[in-house]
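Visitor:
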Amino acid sequence: MSFPDLKDRPLKDTICLFDVDETLTKARQSVKPEVLDLLLRLRQKCAIGYVGGSDLLKQQEQLGTPSIPVTTLFDFCFPENGLTAFRLGQPLTSTSFIQHLGQEKYQKLAKFCLRYISELEGLPVMTGTFIEFRNGMINVSPVGRNASKAQRDEFNAWDDKNNCRAKFVETLQKEFADLGLTFSIGGQISFDVFPTGWDKTYCLRHVENEKNVSGIEYKNIHFFGDKWFEGGNDHEIYEDPRTIGHAVRDPEHTMELVKELFQLPRQMAQLSDLPIEVLEIILQHLYISFIYTHDRSFFAVMEALPEGQAIGERLFYDTPDTSQWTVKERQWRPLDLEFAKRRHRYWASVWGMNWGLQEYTRVKRRSYERGRLWWQDGRR
1 MSFPDLKDRP
11 LKDTICLFDV
21 DETLTKARQS
31 VKPEVLDLLL
41 RLRQKCAIGY
51 VGGSDLLKQQ
61 EQLGTPSIPV
71 TTLFDFCFPE
81 NGLTAFRLGQ
91 PLTSTSFIQH
101 LGQEKYQKLA
111 KFCLRYISEL
121 EGLPVMTGTF
131 IEFRNGMINV
141 SPVGRNASKA
151 QRDEFNAWDD
161 KNNCRAKFVE
171 TLQKEFADLG
181 LTFSIGGQIS
191 FDVFPTGWDK
201 TYCLRHVENE
211 KNVSGIEYKN
221 IHFFGDKWFE
231 GGNDHEIYED
241 PRTIGHAVRD
251 PEHTMELVKE
261 LFQLPRQMAQ
271 LSDLPIEVLE
281 IILQHLYISF
291 IYTHDRSFFA
301 VMEALPEGQA
311 IGERLFYDTP
321 DTSQWTVKER
331 QWRPLDLEFA
341 KRRHRYWASV
351 WGMNWGLQEY
361 TRVKRRSYER
371 GRLWWQDGRR
């Protein structure tokens, strides 16, 4: 999909920067289609970017798709707080934590962290990857970054009561006071360690440098993040005088703030109104259980979700009686739009876990979203 040049956007002196976990997505989960749709519409008005502590690979998993690089969905991508950076899909100069600190000091820090974790008592669970080395920082996790979603939730609840990460950080601050490091708690299970000044404000040097690249000076830099409080990994950029900080609770709250600030429609655009490129991006973020075909008179009978919810021939009239239904085809994977177009002559229908039924047609005429159905041509 094409977007206006940065200098041609209605709010060309404005950029919106977003944290990732609990701002655009739930922690370590994939972005929801409605959030992505909102970002695509916001990008028509102003520049957008994300800034997160994780590396590009993890942010690709959360925000991109197997066929769509995350670097094409944002004007600016700032993995690792901007120590690795991309502008309009092209990489910018990166900075290395190891080169800055040196191997001897790094090994002393890493060994201390591992020893501290090994002596922790009462952890509800331990997995693996307790120290993750990134280009511009290290990420330390007492429970291990291999933890499942359930294990993350369990540790997070335990940490809220026991302040494990906060105590860990306090110990490191005393032990390594001479190294000039910042320790920043973020997400559910870990904290980041990086040279002072290499927090999320680091990405602002790339934003400010845009005036030397395209002549655009971003006078309004909006930042949205959930860990805005002191000790959180959004605190420094949230409080920075160069930014307009917005404290959010979750992705839904982020959406509400963006809609209000930039006067975007509260209801998602009808699929029939979307360019095919946008439609493809959105559909590839829907995890589906079935694709089924339609001819003029028959809806293939199917079970829609593992929990037993279903859709079928009475879909457009009332809630169907599923007691007599049988499964015709079963699959569970991200929708591949080309697969759907090749396999089915007329159209494919998909059921999203969190979004409802969406239909794709060759003429983009039909959409069903949040219980509402639109027929552009009056035909089923």
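Using full-length UniProt numbering, the first residue of the sequence shown is number 1, and each one after it goes up by one. Ideal placement from N, C-alpha and C gives every residue a C-beta, glycine not left out. From a predicted model like this one, the values you see are computed outputs, not experimental measurements.
1. Looking at chain D, is there any beta carbon in it that lies within less than 8 Å of the beta carbon of F183?
2. State the beta-bridge partners of E65 as determined by DSSP.
3. Tell me the DSSP bridge mates of C203?
4. Exposed or buried, residue 385, counting other C-beta atoms within 10 Å across all chains shown (16 or more means buried)?
5. With the cut-off set at 8 Å, would you say L181 and T201 are in Cβ contact?
6. Taking the alpha carbon of K174 as the point to measure from, which residue in L257, S94, L109 has its own alpha carbon closest?
7. Tell me the residue span of the alpha helix (DSSP H) that contains L17.
8. Looking at N139: is its Cβ nearer than 8 Å to the Cβ of G128?
9. Alpha carbon to alpha carbon, how far is K161 from L243? Give it in angstroms, no decimals.
10. Measuring CB to CB, does T23 end up less than 8 Å from G225?
11. Between the stretch 54-63 and the stretch 249-265, can you find at least three pairs of beta-carbon atoms closer than 8 Å?
12. Whose C-beta lies closer than 8 Å to the C-beta of T25 among residues of the same chain, with five residues either side of it excluded?
13. With 16 other CB atoms within 10 Å as the buried threshold, where does S67 fall?
14. Skipping 5 residues on each side, what residues in its chain have a beta carbon closer than 8 Å to that of E256?
15. In its own chain, which residues sit with a C-beta less than 7 Å from the C-beta of V248, not counting the 5 before and 5 after it?
16. Span of the beta strand (DSSP E) holding Y50?
17. Taking the continuous beta strand (DSSP E) assigned at residue 401, which residues delimit it?
18. Quick one: give me the first and last residue of the alpha helix (DSSP H) that A166 is part of.
19. For P195, which three-state DSSP category applies?
20. When we look at the beta-carbon of V20 and count the other beta-carbons within 10 Å, is it buried (16 or more) or exposed?
21. Determine, using beta-carbon pairs with one atom in the stretch 204-211 and one in the stretch 73-88, whether at least three such pairs fall under 8 Å.
22. In three-state terms, what does DSSP make of A27?
23. Measuring alpha carbon to alpha carbon, tell me which residue in K105, G136, V169 is nearest T95.
24. To the nearest angstrom, how far is the alpha carbon of G215 from that of Q29?
25. Using C-beta distances below 7 Å, list every residue in its chain close to L88, excluding the 5 sequence neighbours before and after it, in chain order.
Guide: Working from what's here:
1. Absent from the structure is chain D; it holds one protein chain and no more.
2. Stepping through the sequence shown from its first residue, residue 65 is reached at position 65. According to the sequence shown, residue 65 is Thr rather than Glu. Beta-bridge pairing links T65 to I68.
3. Your numbering for residue 203 matches position 203 in the sequence shown. According to DSSP, which records beta bridges pairwise, C203 is partnered with nothing at all.
4. Only positions 1 to 380 of the chain appear in this structure, which leaves residue 385 out of reach.
5. Counted from its first residue, the sequence shown places residue 181 at position 181. Counted from its first residue, the sequence shown places residue 201 at position 201. With a cutoff of 8 Å on beta-carbon distance, L181 and T201 are scored as not near each other.
6. Sequence index remark: in the sequence shown, residue 174 carries index 174 (1-based). Checking every option, the nearest Cα to that of K174 belongs to L109.
7. Along the sequence shown, read from residue 1 onward, the residue named residue 17 stands at position 17. Counting along the chain, L17 falls outside any alpha helix (DSSP H), though it belongs to the beta strand (DSSP E) covering 14-18.
8. Against the sequence shown, residue 139 aligns to sequence position 139. Against the sequence shown, residue 128 aligns to sequence position 128. Their beta carbons are not under 8 Å apart, which means N139 does not touch G128 by this criterion.
9. Reading the sequence shown from its first residue, position 243 is the one you call residue 243. Reading the sequence shown from its first residue, position 161 is the one you call residue 161. Note on identity: in this sequence residue 243 is Thr, with Leu being the wrong assignment. Rounded to the nearest whole angstrom, the CA to CA distance from T243 to K161 is 33 Å.
10. Counting from 1 along the sequence shown, the entry for residue 23 is found at position 23. Counting from 1 along the sequence shown, the entry for residue 225 is found at position 225. In this structure, G225 lies closer than 8 Å to T23 by Cβ.
11. Too few Cβ pairs lie closer than 8 Å, so no.
12. As a working mapping, residue 25 is identified with position 25 in the sequence shown. Excluding the 5 residues flanking it on each side, T25 has same chain C-beta neighbours closer than 8 Å at V31, K32, V35, Q62, L63, P251, in chain order.
13. Start at 1 with the first residue of the sequence shown, and residue 67 comes out as number 67. Counting Cβ neighbours within 10 Å, S67 comes out exposed, since fewer than 16 surround it.
14. Residue mapping note: residue 256 aligns to position 256 of the sequence shown, counting from 1. If the five residues before and after E256 are omitted, its C-beta is found closer than 8 Å to no C-beta atom of its own chain.
15. Taking the sequence shown and counting its residues from 1, one reaches residue 248 at position 248. The residues are T23, F224, G225, D226, T254, L257.
16. Counting from 1 along the sequence shown, the entry for residue 50 is found at position 50. Per DSSP, Y50 is one residue of the beta strand (DSSP E) stretching across 47-51.
17. Past the edges of the chain, shown from 1 to 380, lies residue 401, and the structure says nothing about it.
18. Reading the sequence shown from its first residue, position 166 is the one you call residue 166. Residues 164-175.
19. By 1-based counting over the sequence shown, the position of residue 195 is 195. Judged by DSSP in its simplified three-state form, P195 adopts strand.
20. Numbered from 1 along the sequence shown, position 20 holds the residue referred to as residue 20. Buried: at least 16 other Cβ atoms inside 10 Å.
21. Enough Cβ pairs lie closer than 8 Å, so yes.
22. Taking the first residue of the sequence shown as 1, we reach residue 27 at position 27. Reduced to three states, the DSSP call for A27 is coil.
23. Position 95 of the sequence shown, counted from the first residue, corresponds to residue 95. Minimum Cα distance to T95 is reached at G136.
24. Locating residue 215 in the sequence shown gives position 215, counting from the first residue. Locating residue 29 in the sequence shown gives position 29, counting from the first residue. If you take the alpha carbons of G215 and Q29, they lie about 36 Å apart.
25. Numbered from 1 along the sequence shown, position 88 holds the residue referred to as residue 88. So the list reads D75, once near-sequence residues are dropped.
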